[in-house]
Amino acid sequence: MFESDAPDPLPTQSAIPAASGFEDDEPPSLPRRHSLWANVPDAQWNDWRWQTQNSVRSVRQLRNLLPFAPDELEAIGRLEADFKLAIPPYYFSLIDPTDPADPIRLQSVPSPLEAVSGYELEDPLEEDKDSPVPGLTHRYPDRVLMITTPNCSMYCRYCTRKRATLTRGGWEGVSADDERMIEYVRKTPAIRDVIVSGGDPLTLPIGKLRYYLENLKAIDHVDVIRIGTRVPVTLPQRLFDNELVDLLASAEKVYIQTHFNHPREITPEAARVCKTLLRAGMPINNHSVLLKGVNDDLGTMRQLLRGLLRIKVRPYYLFHCDPVTGAGHFRTSVWKGLQIMEGLRGHMSGIGIPTYVVDSPHGGGKIPLMPNYMVSMSDDAVVLRNYEGMLVRYQAEDKPTSGTPTATRGVSNLLQGSQTQLMPEGSERMARRRAIQIAEHTEAMETHGCGGDSHHEHAGNDGAALRPGVSLPVLAAAHANGNGHANGNGYKNGNGYGAHD
Ligand code: SF4
1 MFESDAPDPL PTQSAIPAAS GFEDDEPPSL PRRHSLWANV PDAQWNDWRW QTQNSVRSVR
61 QLRNLLPFAP DELEAIGRLE ADFKLAIPPY YFSLIDPTDP ADPIRLQSVP SPLEAVSGYE
121 LEDPLEEDKD SPVPGLTHRY PDRVLMITTP NCSMYCRYCT RKRATLTRGG WEGVSADDER
181 MIEYVRKTPA IRDVIVSGGD PLTLPIGKLR YYLENLKAID HVDVIRIGTR VPVTLPQRLF
241 DNELVDLLAS AEKVYIQTHF NHPREITPEA ARVCKTLLRA GMPINNHSVL LKGVNDDLGT
301 MRQLLRGLLR IKVRPYYLFH CDPVTGAGHF RTSVWKGLQI MEGLRGHMSG IGIPTYVVDS
361 PHGGGKIPLM PNYMVSMSDD AVVLRNYEGM LVRYQAEDKP TSGTPTATRG VSNLLQGSQT
421 QLMPEGSERM ARRRAIQIAE HTEAMETHGC GGDSHHEHAG NDGAALRPGV SLPVLAAAHA
481 NGNGHANGNG YKNGNGYGAH D
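full-length UniProt numbering puts the sequence shown at residues 1 to 501.
Here it is in structure tokens:
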């Protein structure tokens with residue numbers, strides 16, 4: 001059923017549908033269908049077998065469903081002999097046919113750029129070199145990866161394992177030996193975590209999947225079985241099938257590793273199957289790949305991550321796109337990835353922030369990257385930067401200062417302890433804090449019976465004369481002593497930062 005080279009069942013159609021105007025959708029997206037399938041009964045549309053049988057699998061079909069430049073069609077026609085193509089009607093319908101740079105289209109429809117390759121490699125992560133038995137990669141001490149099938153419900157054009165999935169005939173080179181893979185895990189007690197991947201293991205015949213799950217469940221030292229699947233995103237109908245969900249749940253150790261890349265993929269159907277999996281006791285983690293033109297901007301990434309939180313899928317990793325042959329056009333700079341991460345931390349809930357990783361060439365494994373939050377350090381303290389750009393001295397241990405202070409400025413002042421923070425001008429948070437202080441200050445004056453315009457003069461109309469680091473007790477004490485307000489020492493120090501002590 002999931003064989004990628006099934007015959008073309010899709011009739012041709014010349015009309016290109018009009019824009020559906022879903023640019024403004026908030027996730028989850030609205031249900032939608034390409035006009036070709038508008039009259040398909042719901043019972044068929046919701047049947048994964050129908051979706052699979054009617055997947056778009058040829059350039060001839062694509063030509064009738066989307067606009068292409070003539071040379072583009074010719075170029076992707078030439079690629080067809082080498083690389084597979086499959087897009088279920090459900091996933092295809094998420095494409096805006098009027099937008100040649102539509103993010104769903106970019107992920108699923110072949111591009112002439114797939115013929116271009118410079119730096120990229122067939123097996124960029126050298127998985128095959130870390131393969132003690134066919135199909136199994138043992139890279140980290142306690143984890144292994146099993147490549148169980150070359151088939152996927154949709155072939156992502158940037159796939160890291162393209163050599164086994166998209167490339168016609170590629171599976172022969174990778175292959176897998178089910179029994180030897182299971183036996184390797186059984187006789188290697190260090191293995192705690194098995195990633196059952198592919199291709200997509202949820203395209204396996206149910207009997208084959210049962211074989212893997214029952215055998216892995218029975219191995220005592222295996223604590224975790226991770227199912228790496230894009231089915232919730234590209235063919236959620238497969239998980240409308242209770243038999244499959246029951247099988248996954250019965251293995252007890254199963255975590256789902258799925259792969260949403262764009263907020264428009266978070267549809268009611270995807271939300272439904274994630275809810276089903278969660279109710280059946282399977283945690284869901286998401287891997288996104290940073291893809292040029294798909295999700296390499298902060299707004300899209302925030303929308304994606306917030307959408308995932310709404311359906312209780314944990315954003316786990318944001319992968320830099322691997323240097324795989326023919327996917328160079330999806331790759332952006334590490335700087336872009338860091339810029340996006342900089343716009344996430346502190347600006348949205350920490351539970352929605354994935355770890356940004358580069359999967360190292362030469363089989364070096366995942367290397368986490370993040371913006372630099374530690375600016376400097378000494379024996380006594382570190383200088384840290386927060387999401388606003390505030391620089392702060394942080395003394396982790398309670399011990400006497402070891403150095404002799406010298407006349408220094410800026411970050412050195414923080415290290416030596418003569419200041420404890422540097423705050424960028426115009427901070428929204430400090431403006432909020434000032435407003436709170438003004439309110440508290442006014443209340444304190446009223447409590448002490450010192451109402452009157454003379455006190456308010458000090459705060460000014462916007463409270464800017466109040467010292468941001470000063471708390472209510474200090475202000476109240478100032479009033480109680482009859483000394484007027486705490487004396488601010490100004491914010492600017494000439495470098496765009498305000499020193500608050
Ligand atoms: S679903 Fe996964 S294995 Fe299949 S093509 Fe996409 S990225 Fe590759």
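Each residue gets a CB set at the ideal place from its N, CA and C atoms; glycine is no exception.
Would you identify the three-state DSSP class for M301, choosing helix, strand or coil?
helix
If you draw a straight line from the C-alpha of Q395 to the C-alpha of Y316, how long is it?
31 Å
Could you give the DSSP three-state label for H320: helix, strand or coil?
strand
So I76 and P100 are supposed to be a Cβ contact under 8 Å. How far apart are they, rounded?
Contact flag wrong, Cβ pair sits at about 13 Å.
Quick one: using the 10 Å Cβ neighbour count with 16 as the cut-off for buried, is V116 buried or exposed?
exposed
Look up Y255 in the DSSP assignment and say whether it is helix, strand or coil.
strand
Between I367 and the rest of its own chain, which residues show a CB-CB distance below 7 Å, the 5 nearest in sequence each way excluded?
V357, V358 and S360
Which value, in whole angstroms, describes the spacing of the CA atoms of T234 and T258?
10 Å
Compute the minimum distance between the beta carbon of T165 and the heavy atoms of ligand 1, and state whether it is under 6 Å.
yes
Beta-carbon proximity check, R32 vs S93, cutoff 7 Å
yes
The beta strand (DSSP E) that contains Y394, what's its start and end?
L391 to Y394
Cβ-based burial, V383 [other Cβ within 10 Å; buried from 16]:
buried
Figure out for me which residue from I340, P323, R230 and W171 has the closest Cα to the Cα of I87.
R230
Tell me whether R230, by its Cβ, gets closer than 6 Å to a heavy atom of ligand 1.
yes
Classify G170: buried if its beta carbon has 16 or more other beta carbons within 10 angstroms, exposed otherwise.
buried
Using 10 angstroms around the beta-carbon of K162, count the other beta-carbons present and answer buried if the total reaches 16, otherwise exposed.
buried
Given that a residue counts as buried once 16 or more other Cβ atoms are within 10 Å of its Cβ, and exposed if not, what is residue 508?
As displayed, the chain neither begins before 1 nor continues past 501, which places residue 508 out of reach and without an answer.
DSSP three-state call for R143: helix, strand or coil?
strand
Across which residues does DSSP place N285 in a beta bridge pair?
Q257 and R314
Top-ranked residue by Cα proximity to V411, from P400, S402, T401 and M390
M390
Using CA atoms only, rank isn't needed, just tell me which of R139, Y119, G118 and E120 is closest to D128.
R139
Cβ shell of D380 (< 6 Å), same chain only, five flanking positions each side left out:
T401 and S402
Note down, in chain order, each residue of its chain lying with its Cβ closer than 6 Å to the Cβ of G228, except the 5 sequence neighbours on either side.
I195, S197 and Q257
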